[in-house]
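Take a look at the structure set out below.
Residue numbers (my numbering), protein chains in the order written: chain A, 316 to 602; chain B, 316 to 602; chain C, 316 to 602; chain D, 316 to 602.
See the structure below:
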């Protein structure tokens with residue numbers, strides 16, 4: 316795997332941006348290995364993901380951001396993020412009692428499918444410590460009291476631990492606790508949740524029971540970035556499965572578990588590969 | 316096609332119902348050609364659809380209902396409907412300006428896929444008269460004023476016409492008008508609507524625009540029986556299609572049209588084949 | 316709708332092609348409204364679809380091809396096609412006895428969904444003349460004898476008629492006849508077929524019966540360009556539907572009809588929108 | 316969980332079978348908790364799965380089979396299997412080098428989703444020993460030489476071990492070895508394989524590469540019982556996922572892994588729940 320730089324950007328659509336940006340890279344001896352762009356014709360916004368080999372690139376890695384900002388940033392009102400494929404992001408997993416999403420992510424991690432480090436697993440229960448131990452990953456438990464009297468204190472301890480471990484993003488792998496606004500603001504568009512319904516249907520608690528009551532013929536799961544509003548953040552991935560009148564709330568839970576783990580893993584993978592760009596509470600997912 | 320009787324029933328689940336009902340049919344020389352049953356383990360209710368050839372059946376067609384009611388009705392607190400495959404139901408189509416669902420249903424009708432009569436098409440606009448004329452079906456237009464000042468009058472005229480045509484059930488093939496409670500009560504679980512979203516997400520007007528705003532990754536369509544509460548009746552059929560950030564509200568409308576026509580036609584077909592049983596705002600769909 | 320030019324091209328991948336092509340367009344005052352490109356990393360081939368408004372384009376429409384060929388064609392070993400959105404392609408429909416695909420295409424055509432002209436419908440049977448008459452489209456019947464003794468003669472007459480009508484491409488909407496190699500060569504990658512299976516499974520006759528015999532749990536339909544080898548041409552679109560052991564060959568045919576018409580219509584739409592590029596018996600489908 | 320008996324049967328369809336079988340159970344104080352039946356209208360065969368609580372059943376467990384055989388077996392030319400829900404089947408897992416199916420099954424097993432015992436994991440490689448150790452399950456390695464010179468010997472050792480462990484059925488969780496006819500005959504319809512294509516498309520080796528070459532727009536996975544003919548046994552479950560021209564053989568492998576594990580786990584679950592009945596190289600899957 317050759318070293319590459321990955322640039323995600325968006326700006327108001329103007330004639331010639333794509334020409335200029337690709338020229339900037341190729342003129343400086345960058346070999347473009349991936350380019351995908353998209354124009355939002357409603358908002359007239361331009362979005363691009365471009366990746367190039369940096370081996371012979373004339374600008375050193377630590378200067379690229381500065382050059383892009385200087386040459387194009389202000390001129391095009393451009394917002395951008397720059398990543399390097401040889402810098403592995405560090406992911407924290409938050410879990411409660413159900414193991415399916417956790418096992419699915421760890422099995423992929425172990426098989427080398429996820430270019431990521433997992434320094435810690437956080438929970439409010441002891442239940443899944445055995446899974447963490449199977450994979451040799453530190454497991455931290457902070458119990459939150461039912462009256463939330465220690466919630467601020469717990470979140471402070473969690474935040475300290477996350478900082479110490481230089482965590483880049485958090486995955487809520489069926490973590491059954493509300494995240495405080497403060498924590499959300501510390502990880503903007505960097506906390507990924509899996510909600511066990513086809514959002515925006517069945518927001519909140521017990522979505523499978525809600526689905527059963529409503530008598531739907533299809534159920535779903537939704538992975539999204541966490542924002543201050545419950546279950547309302549930018550959607551990264553969704554999928555569905557057909558059900559029938561024969562399904563009970565219990566069988567819906569079982570069918571849903573397969574959806575949840577696949578949908579969450581797909582979203583996490585897209586995030587790790589820097590293929591998700593958020594704009595106005597929506598996501599652009601590059602191919 | 317041999318003549319058959321079709322019995323749809325439900326009652327509290329008790330030991331031996333299925334034995335007794337099948338024994339009743341076979342003892343009276345009915346040849347069972349279809350049997351499907353289902354027990355709701357939450358509500359302890361028993362549901363069955365059974366169909367048998369009546370050629371040598373000892374009880375004449377017009378007496379079967381009476382016998383079932385007498386022998387089993389009260390004893391089992393049974394509710395049932397009896398149909399005969401040689402009695403074609405009569406269907407009225409209500410449309411506004413979009414032709415895709417109308418064409419889809421009429422093309423199937425013409426190809427002999429729907430065992431039904433279509434004596435009339437009703438609209439609030441002249442736009443689709445040409446389709447009705449292509450298929451030689453009477454087309455009635457009643458314009459409803461924006462202030463609804465003539466709504467009661469129009470519905471009365473419609474109801475008279477439906478009665479004269481001995482209409483058994485109504486299909487709203489993208490009919491963009493609210494149906495009055497009175498009309499709904501006249502056709503309980505016999506008005507089929509297609510809603511252009513994956514209910515209960517995006518109830519009400521412009522669901523594709525709502526879906527676009529929310530940034531979902533999948534859109535759907537839902538066919539349901541019309542009840543007094545908007546878009547909240549028993550769901551008969553749903554289906555979905557994957558979309559991306561590249562879709563605009565306009566492309567969602569186009570993709571949705573394919574969903575709508577297929578979902579509505581499947582629901583209509585199930586209804587005509589007497590394979591839908593409603594219970595507590597939900598449907599049991601027999602195979 | 317402003318006038319646009321649509322360029323579909325492919326060539327060996329080289330540094331800077333995308334820069335150069337977009338620069339060519341914007342330098343000559345073309346406003347790019349669509350750009351999608353793709354690099355085949357196995358074959359190192361570059362594929363692009365770019366569309367631009369020609370209102371202020373400095374090169375006149377009839378000269379654009381020449382300029383591209385001169386400036387880039389040889390240098391990049393580039394193969395390209397140029398289209399204009401205000402030139403409607405002319406489509407011939409070939410049918411036999413089943414109406415579902417024909418109705419689906421004509422209903423879309425009538426609703427303005429397909430930017431195409433349909434000067435003729437061709438068949439080997441009289442059965443669907445009534446559909447053509449409903450839509451006011453000339454219907455030509457040439458019967459092919461079972462021993463094929465008149466096949467060459469019939470195809471000659473068909474080809475003459477197609478030429479007279481300046482037909483650009485042919486859609487076999489469940490046309491149950493083999494097309495001769497000569498006719499295929501006259502319309503390379505311009506004859507679209509719908510095969511009623513998930514190719515390459517169940518090539519040839521009676522695929523639903525083959526699927527029934529094999530006991531598959533999912534059936535499909537495939538739309539592809541016709542090549543000399545039966546059912547082996549470049550695939551444009553496929554879709555599937557779940558079935559169960561309860562399905563009979565007859566119910567598979569019914570379920571399959573819904574698949575066939577949707578899959579064929581999607582493929583025809585992509586073709587009309589110039590979003591299909593063929594390469595090495597495969598298709599690149601632009602978004 | 317109350318103790319139940321599960322009866323799977325099939326026989327030529329005759330008037331009154333369902334009445335008689337349900338009467339037999341209820342007359343002997345069995346409380347039916349599940350009944351599903353199906354008539355193959357082509358072959359005129361009757362299939363049934365019925366499950367009843369045996370707490371007050373008048374016939375002792377060990378005599379039920381004898382009674383059914385005596386009372387109905389010969390009379391109806393009936394073939395049947397009888398199971399008890401409190402007898403956990405014993406499953407052997409065969410693996411090679413890929414861990415995704417193995418992890419998926421073990422995670423479900425650990426979460427209590429599979430009512431099964433797993434006494435052993437068998438492999439031809441050491442690679443996945445660490446997974447077996449994570450879950451504390453004995454891991455046996457028998458290397459088969461490339462020239463198959465020790466194949467008979469290895470299979471004998473495997474068969475001995477399987478017998479010692481009283482294994483009821485085998486799951487090939489991406490086991491990349493051909494199973495000998497002798498071993499297949501020892502476990503008729505009791506060896507479950509996952510093939511990484513939508514059978515019958517792409518039989519044999521490297522199906523994802525075959526799919527890439529053919530340019531299909533959808534790939535699939537198929538779980539089936541192993542028979543003497545390669546990839547041709549009764550299909551239990553299939554599923555598919557959409558792909559595009561952008562997918563490489565490598566990305567197909569990754570996408571396929573998600574399919575494979577879900578499809579295999581669904582098939583294994585159906586098998587364990589005694590909901591699969593095989594007939595004429597096809598399966599009836601009860602709901």
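Don't be surprised by glycine CBs; every beta carbon is placed ideally from N, CA and C.
Residue 500 of chain D to residue 556 of chain B span [Cα, whole Å]: 44 Å
Close beta carbons around residue 374 of chain A, own chain, < 7 Å, minus the five adjacent residues each side: 343, 382
CB of residue 362 of chain D within 8 Å of CB of residue 353 of chain D, strictly: yes
Contacts of residue 577 of chain C in chain B (Cβ-Cβ under 8 Å): 573, 577
When B:391, B:553, B:588, B:357 are compared against residue 484 of chain B, the one with the closest alpha-carbon: B:588
Status (buried if at least 16 other CB within 10 Å, exposed otherwise) for residue 413 of chain A: buried
Residues near residue 517 of chain B by beta carbon distance below 7 Å, same chain, minus five either side: 525, 526
Member of D:358, D:365, D:346 whose CA lies at the smallest distance from the CA of residue 597 of chain D: D:358
Beta-carbon proximity list for residue 425 of chain C, same chain, < 8 Å, skipping 5 on both sides: 450
Partner residues on chain B for residue 542 of chain A, Cβ-Cβ distance less than 9 Å: None at all; the shortest Cβ gap to chain B is about 12 Å.
Simplified DSSP state of residue 336 of chain A, which is helix, strand or coil: helix
Residue 345 of chain C classed as buried or exposed, judged by whether at least 16 other C-beta atoms fall within 10 angstroms: buried
Chain B contact residues for residue 334 of chain D, given Cβ-Cβ distances below 7 Å: 334, 337, 338, 341
Residue 552 of chain C - DSSP class collapsed to helix/strand/coil: strand
Members of the region 549-572 of chain D that neighbour chain A once the beta carbon cut-off is set at 9 Å: 559, 561, 569, 572
Enclosing alpha helix (DSSP H) for residue 379 of chain B [first to last residue]: 376-383
Exposed unless 16 or more other CB atoms sit within 10 angstroms - verdict on residue 440 of chain B: exposed
C-alpha gap between residue 415 of chain D and residue 578 of chain B, whole angstroms: 36 Å
Continuous beta strand (DSSP E) assignments of at least 3 residues falling wholly in the region 477-547 of chain B: 484-487, 506-510, 533-540
Neighbourhood of residue 548 of chain B by C-beta distance below 6 Å, restricted to the same chain and skipping five residues each side: 539, 540, 541, 542
Identity of the residue in A:551, A:537, A:575, A:385 nearest residue 592 of chain A by Cα: A:551
Alpha carbon of residue 531 of chain C to alpha carbon of residue 553 of chain D, nearest angstrom: 8 Å
Whole-angstrom distance between residue 341 of chain D and residue 458 of chain D, CA atom to CA atom: 53 Å
Delimiting residues of the alpha helix (DSSP H) encompassing residue 575 of chain A: 564-587
Run of the alpha helix (DSSP H) containing residue 415 of chain C, from where it starts to where it stops: 415-425
Where the beta strand (DSSP E) through residue 348 of chain C begins and ends: 346-355
C-beta contact flag for residue 476 of chain B and residue 433 of chain B at 8 Å: no
Any chain C beta carbon closer than 8 Å to residue 427 of chain A: no
CB contact below 8 Å: residue 349 of chain B versus chain C: no
Euclidean distance between Cα positions of residue 490 of chain B and residue 438 of chain B: 8 Å
Residue of A:601, A:401, A:590, A:580 minimising C-alpha distance to residue 428 of chain A: A:580
Euclidean distance between Cα positions of residue 487 of chain C and residue 494 of chain C: 10 Å
Contact list for the region 517-545 of chain A against chain C, Cβ threshold 8 Å: none
Whole-angstrom C-beta distance between residue 396 of chain A and residue 594 of chain A, which should lie under 8 Å: Incorrect: roughly 12 Å between the Cβ atoms, too far for contact.
Length of the line joining the Cα atoms of residue 463 of chain B and residue 417 of chain C: 40 Å
Residue 519 of chain A classed as buried or exposed, judged by whether at least 16 other C-beta atoms fall within 10 angstroms: exposed
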